[in-house]
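What follows is one structure encoded as structure tokens, with my remarks underneath.
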């Protein structure tokens, strides 16, 4: 009974953690939204907005894929308990097929089997609220992380453009002043991107740690239930759907962090190989050198500073879950 309830309790706690995280850090999130508004307005003037738009559009597509996938899993999860009642209507037998509720619940005041559809509606509504809460908060964070990534992409583009055009002016003094001004704006943009990252990482450190732990519990317990209930196809399929949803959720928690790291690393490569910073005036080189020092330390989203949210660690976590599954199955055997 406890093993069956753990995945559902984990999903409920995950949604609560996400909502509480946004609520408790609402001032920091307001700073992020204000920063996003200002940066979009500034980039409109510099004609580099299209670069940021490309990155955020990719984030929007990722969020849409995530929403659709989890909502499809939710729909499958909600439909499975309705299969026996539907078969009783379409292909009736001499007796009523056994019915399995979404979650094994025990109401003290009445027998839930006698009020199957009423209990089903209540549990379905709770499942919808939990799923939409998770999807909404995660989609928002994906867009915020992609905006942060886009700022680093804009910095890389500006460095390439401004160091490439060092000799575009015939007047040496005018060229130096123009380059200095443009590089200074780029350094300011890079500093804003780092400040944005600092707030974003601070907002989600504890939340990521709790969610990663809950996901590991969910993946392990649902996988064990899938194997145990192979003689009951309905229960096995329901557990498999939950297991897949938990895996996909953990993957999508890790993917934005990987994208942010990739764009930070790409900025470092652009400094070294794609720009002609060494041909810039000394004052400009000093600014770029300070910027180079900071780019050597990638911006990584972490869970309390102990676990980095990236694809490599997702694979490690998944392997750990498989080890736990094997251990639990051996104990049950």
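Numbering (the working numbering), first residue to last: 8 to 340. We put the CB at the ideal spot given by N, CA and C, even for glycine. Since this is a predicted model, take the numbers as computed values, not measurements.
Residue i versus residue j: straight-line alpha-carbon distance, rounded
| i | j | result |
| --- | --- | --- |
| residue 314 | residue 200 | 22 Å |
| residue 46 | residue 332 | 47 Å |
| residue 192 | residue 289 | 17 Å |
| residue 212 | residue 320 | 15 Å |
| residue 237 | residue 159 | 49 Å |
| residue 138 | residue 155 | 26 Å |
| residue 23 | residue 293 | 48 Å |
| residue 60 | residue 39 | 17 Å |
| residue 271 | residue 232 | 41 Å |
| residue 181 | residue 195 | For residue 181, the predicted structure reports a pLDDT of 47, less than 50, and the residue's modelled location is therefore unreliable. A value from the coordinates is still provided. Looking at the two C-alpha atoms, the distance is approximately 21 Å. |
| residue 259 | residue 184 | 45 Å |
| residue 88 | residue 97 | 15 Å |
| residue 273 | residue 261 | 19 Å |
| residue 37 | residue 63 | 19 Å |
| residue 323 | residue 268 | 18 Å |
| residue 34 | residue 48 | 21 Å |
| residue 221 | residue 54 | 44 Å |
| residue 295 | residue 198 | 12 Å |
| residue 312 | residue 51 | 35 Å |
| residue 80 | residue 187 | 53 Å |
| residue 337 | residue 93 | 37 Å |
| residue 209 | residue 306 | 12 Å |
| residue 329 | residue 21 | 21 Å |
| residue 57 | residue 32 | 30 Å |
| residue 248 | residue 205 | 36 Å |
| residue 318 | residue 128 | 38 Å |
| residue 30 | residue 226 | 27 Å |
| residue 219 | residue 300 | 32 Å |
| residue 114 | residue 257 | 32 Å |
Nonlocal neighbours in the same chain, by C-beta distance under 8 Å from residue i, ignoring five residues either side
| i | result |
| --- | --- |
| residue 326 | none |
| residue 178 | Any reading at residue 178 must be qualified, since the residue scores a pLDDT of 47, below 50, and its modelled position is unreliable; no value is offered. |
| residue 26 | 140, 144 |
| residue 78 | 138, 142 |
Which listed residue (the options) has its alpha carbon closest to that of residue i
| i | options | result |
| --- | --- | --- |
| residue 217 | 298, 11, 19, 234 | 19 |
| residue 10 | 156, 235, 80 | 235 |
| residue 43 | 273, 275, 263, 207 | 207 |
| residue 116 | 259, 126, 239 | 126 |
| residue 304 | 124, 276, 128 | 276 |
| residue 107 | 121, 97, 98 | 121 |
| residue 72 | 142, 322, 268, 274 | 142 |
| residue 265 | 308, 301, 77 | 308 |
| residue 162 | 322, 29, 298 | 298 |
| residue 110 | 239, 210, 215, 15 | 15 |
| residue 335 | 230, 322, 26 | 230 |
Beta bridge counterpart(s) of residue i as assigned by DSSP
| i | result |
| --- | --- |
| residue 315 | 309 |
Neighbourhood of residue i by C-beta distance below 7 Å, restricted to the same chain and skipping five residues each side
| i | result |
| --- | --- |
| residue 13 | 224, 228 |
| residue 74 | 142, 146 |
| residue 76 | 255 |
| residue 316 | 215, 260, 261, 264, 308, 309, 310 |
| residue 203 | 39, 42, 155, 158 |
| residue 95 | 103, 104 |
Cβ-based neighbour list, residue i, same chain, cut-off 6 Å, excluding 5 preceding and 5 following
| i | result |
| --- | --- |
| residue 302 | 274, 275 |
| residue 28 | 214 |
| residue 123 | 106 |
| residue 91 | 104, 106 |
| residue 17 | 221, 224, 225 |
| residue 189 | 169 |
| residue 239 | none |
Review point. Do the segment 153-171 and the segment 73-92 make contact, defined as three or more Cβ pairs closer than 8 Å?
Key: no
Review point. Can you find at least 3 beta carbon pairs, one from the segment 230-246 and one from the segment 127-144, that sit closer than 8 Å?
Key: no
**Study point:** Contact the segment 98-111 vs the segment 248-268: 3+ CB pairs below 8 Å
**Key:** no
Exercise for review: Could you tell me whether the segment 66-76 touches the segment 147-156, using the rule of 3 or more Cβ pairs below 8 Å?
Suggested key: yes
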